[in-house]
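Notes to accompany the following structure.
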């Protein structure tokens, strides 16, 4: 399932904190935003899903990223001045740079899985309906097949790197139990997990 999310690129905030040294999460009663500061001081703020109409439900099923929802965009554009408001240094709306504080805003498509967790591993033949390729001649490497690491559900920056590492180890060293000690079993692709996957439950959770 796909959904749309928003992100903005803004000028540096006036702060004594060295650029690139911190990141932030802003939790609300519904949803959250996330912020990182690049080494040049510019700000990247993402989120706004739950602040879109119908608590983000209008974004579900949107598979294109050539436009964005104005409500979610307005939340992102206005969040910086609110979250970092300094009573001693009021924003001067007559400042020539004030209107240009947000330099760019865009949307992106999120690959959301039925259980909101990444899916990592070999896809079962019974799931794909396609025959497995002939076994290879390298017993130390997994037999050919279809492998996947996807469905990060908006948490790709957190999960993608180690999911990719786990997938590589599953392929390169299939005879060794080299990922169970640190990789969550809940993220492995299994037939049982596929049977339990129900997108309607995820939609209900989002709606609630």
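Residue numbers (the UniProt record's numbering): 1 to 208.
Note that CB positions come from ideal geometry on N, CA and C, so glycine has one too.
Note that the structure is a prediction, hence the values are computed from the model and not measured.
Counting only the Cα atoms, residue 135 lies some 24 Å from residue 192. In the assembly as shown, residue 69 is a buried residue. Its beta-carbon has 16 or more other beta-carbons within 10 Å. For residue 118, the CB contacts under 6 Å within the same chain, skipping 5 residues up- and downstream, are 151, 152, 159, 163, 187 in chain order. When DSSP reads this structure, residue 25 sits in a beta bridge with 34.
For residue 122, the uninterrupted beta strand (DSSP E) run begins and ends at 119-122, by DSSP. Contact annotation: residue 170 and residue 142 have beta-carbon atoms nearer than 8 Å.
DSSP places residue 46 in the uninterrupted beta strand (DSSP E) bounded by 43-47. In this chain, the alpha helix (DSSP H) harbouring residue 81 covers 70-83. When DSSP assignments are scanned along the region 127-208, the uninterrupted stretches of beta strand (DSSP E) that are 3 or more residues long and fall wholly within it turn out to be 147-150. For the 8 Å CB-CB criterion, residue 123 and residue 147 form a contact.
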